[in-house]
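Trainee: Before I ask anything, here is the structure I am working with.
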Amino acid sequence: MSILAGINIPQLLITGIAMGCIYFLVATEYTLIFNATGLVNFAHESFIVLGAYIFAGTFERALGLSHWLSIVLTIVCMMAFGVLVATIVLNPLRNLQFVTYAMFGTMMLSRIVLEIIRLTWGTLPFTVKGFLRSSVNIGSTVLSESYLYIIGVSIIIVVALQLFFKKTKAGKAMICVSQNKDAAALMGINVKASINLTVALSAALCGVIGILCAPLYNVNTSMVASVALKGFCAGVIGGFGSYPGAIIGGILIGLVEQFGILFLPTVYKDVLAFGLMIVFLLIRPSGIIKAKKA
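Going by our numbering, the letters in the sequence shown line up with residues 1 to 294, in that order.
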């Protein structure tokens, strides 16, 4: 009982779930690209940072637009950026003979994007005033407004993606392309266009993640370094390439790192996520839910 003394369990639970939602959103966005192209996009951290800077640096601070209009315009900009990246970088890279070269290509893309951010918005960190920074009191529990929005938005995204994949022609085409590109092409599906749409959705998701992370951290080029790594861990733990696995892996990491402070000092919180991934790689490398491929 002494371990629980002074610990607010509901607060740990909500915080763990909220951070887990961020992690599974990261895992979901690079799973989209991995399933569509066969490439692991190591530039996803820079995509998230770009989304945060477009939202906070341009539409909020420079133009002074409303929060909702800034969010919508950021998503539109990120989708356009995704199509550009798919056309110029990812579609050509997926045809390379050696996957290692493609991996290096996405790493260099990340450095290019971060350098563009530095040259465009500068190096000084900043915050978005008045955006999801209030607190909500539920009994004796004090929760950040941002955590509740993160959970709500994450649920909406999961439901929307499932409906998109199962109910729309474009979504079904994306599933076909992810399973077998040659067969999809023989069925008359435009594989390149489908990949462009997939990367556009992934980039838009990065924009949403950047917006959701803006109230949690100062906006700077390294703001989501840890989040991006834990999102990768979530994908590995849940099952690389599996959307349900990404959700389970993200929530698991979020809860483990929050409740881990009951037994370990807070400074070891990040170690738990990475240690958990190593354990899964050793005992169950396919993850909790093995991705299904045709």
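For glycine and all other residues, C-beta sits at the position ideal for the given N, C-alpha and C.
Would the beta-carbon of Phe-165 fall within 9 Å of that of Thr-31?
Mentor: no
Trainee: Going along the chain, which residues of its own chain have a beta-carbon closer than 6 Å to the beta-carbon of Ser-222, five neighbours each way excluded?
Mentor: Annotation for Ser-222: no residue places its beta carbon closer than 6 Å to its own, counting only its chain and skipping 5 residues before and after.
Trainee: Determine contact between the region 29-43 and the region 272-280, defined as no fewer than three beta-carbon pairs at a distance below 8 Å.
Mentor: no
Trainee: Using 8 Å as the cut-off, can you tell me whether the region 20-29 makes contact with the region 249-262, which would need three or more C-beta pairs spanning the two stretches below that distance?
Mentor: Because the criterion of three Cβ pairs below 8 Å is met, the region 20-29 and the region 249-262 touch.
Trainee: Assuming Gly-82 and Ala-200 make a contact with CB atoms under 8 Å, what is their CB distance in whole Å?
Mentor: With 8 Å as the limit, Gly-82 and Ala-200 qualify as a contact, their Cβ atoms being about 4 Å apart.
Trainee: Taking just the CA atoms, how far does Leu-93 sit from Ser-154?
Mentor: Rounded to whole angstroms, Ser-154 to Leu-93 spans 30 Å at the Cα level.
Trainee: Any idea what DSSP makes of Asn-220, helix, strand or coil?
Mentor: coil
Trainee: Can you name the start and end residues of the beta strand (DSSP E) that Ile-335 belongs to?
Mentor: Outside the displayed range of the chain (1 to 294) lies residue 335, so it cannot be described from this structure.
Trainee: CB-CB under 6 Å to Gly-250, same chain, minus the five flanking residues each way: which ones, in chain order?
Mentor: Gly-20, Tyr-23, Phe-24, Ala-27 and Ala-234
Trainee: Quick check: the Cα distance between Gly-138 and Leu-205, rounded to an integer number of angstroms?
Mentor: Note on identity: in this sequence residue 138 is Ile, with Gly being the wrong assignment. Using only the alpha carbons, I get a separation of about 30 Å.
Trainee: Using 8 Å as the Cβ pair cut-off and three pairs as the minimum, do the region 45-63 and the region 202-216 touch?
Mentor: yes
Trainee: For Ile-150, report the span of its alpha helix (DSSP H) as first-last.
Mentor: That run of the alpha helix (DSSP H) goes 145-167.
Trainee: Work out the CA separation of Phe-131 and Pro-215 for me, nearest whole Å.
Mentor: Their Cα atoms are separated by approximately 7 Å.
Trainee: So what's Asn-137 in DSSP terms, helix, strand or just coil?
Mentor: strand
Trainee: At 4 residues or longer, what runs of the alpha helix (DSSP H) sit wholly inside the region 51-136?
Mentor: 67-85 and 99-121
Trainee: Provide the residue span of the alpha helix (DSSP H) that contains Met-187, from first to last.
Mentor: First-last for Met-187: undefined, no H or E at that position.
Trainee: Mapping the DSSP letters down to three states, classify Val-236 as helix, strand or coil.
Mentor: Three-state result, Val-236: helix.
Trainee: Buried or exposed: which applies to Ala-294, given that a residue is buried once 16 or more other Cβ atoms fall within 10 Å of its Cβ?
Mentor: Since pLDDT at Ala-294 reaches only 41, below the 50 mark, its modelled position is unreliable, and the value read off the structure follows with that caveat. Its Cβ having fewer than 16 others within 10 Å, Ala-294 is exposed.
Trainee: Hey, Ile-17 and Ile-151 are a contact pair by Cβ (cut 8 Å); roughly how many whole angstroms apart?
Mentor: 6 Å
Trainee: Rounded to the nearest angstrom, what separates Lys-172 and Gly-38 at their Cα positions?
Mentor: 18 Å
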